[in-house]
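For the sequence shown, UniProt numbering begins at 1 and goes up steadily by one.
Glycine included, each C-beta is placed from N, C-alpha and C at the ideal position.
All of these numbers come straight from a predicted model, not from anything done at the bench.
Presented below is the structure to which this report refers.
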Amino acid sequence: MSDREKLYQYRCEMINKYVGFPDNPIGYAKKHSCDQAEIGIAFYSGNDLGEYSPEKIARYFESEFEKNNIFAKVFIKNNENGNSSMGFYVNGESMLAKPITPSKAVAKIKAISADSLMLLYTKGKIKKWPNT
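Shown next as structure tokens:
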């Protein structure tokens with residue numbers, strides 16, 4: 001196995017050993033995704049949520065991912081002076097090139113679910129493909 005393959009295979013162990021997980025939603029989401037066969041979601045809730053609370057949006061995403069056969073946990077930090085953004089992590093790795101707004105993330109739930117399941121299955125973190 002090449003050094004690059006080892007880094008990818010042992011990503012979470014290397015992050016934990018050499019870098020650590022920051023004390024913020026991104027760090028919590030990455031760590032959760034390393035510790036569990038689940039999606040960790042970093043959610044910076046801004047002033048653009050309208051009538052919906054950050055907690056309600058978090059529950060919505062957790063529920064929608066569960067409907068797509070994968071569990072997710074959302075970590076929230078209030079960003080009241082800016083806009084909202086979300087990042088999605090599996091096995092310590094970001095599933096998107098950059099954070100996106102919750103409204104854009106809704107359209108990506110199925111794709112993120114499928115990609116996450118495939119990654120977890122190929123890594124051996126889930127042993128059986130879920131029934132759909």
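If you look at Met86, you'll find it in the beta strand (DSSP E) that goes 85–90. Annotation: Val74 is outside any alpha helix (DSSP H); the continuous beta strand (DSSP E) that includes it extends over 72–78.
Among the bridge pairs identified by DSSP, Phe43 is matched with Ile76, Met86.
The C-beta distance from Gly87 to Leu96 rounds to 7 Å, short enough to fall under 8 Å.
Take the alpha-carbon of Asn47 and the one of Thr101: they are about 12 Å apart.
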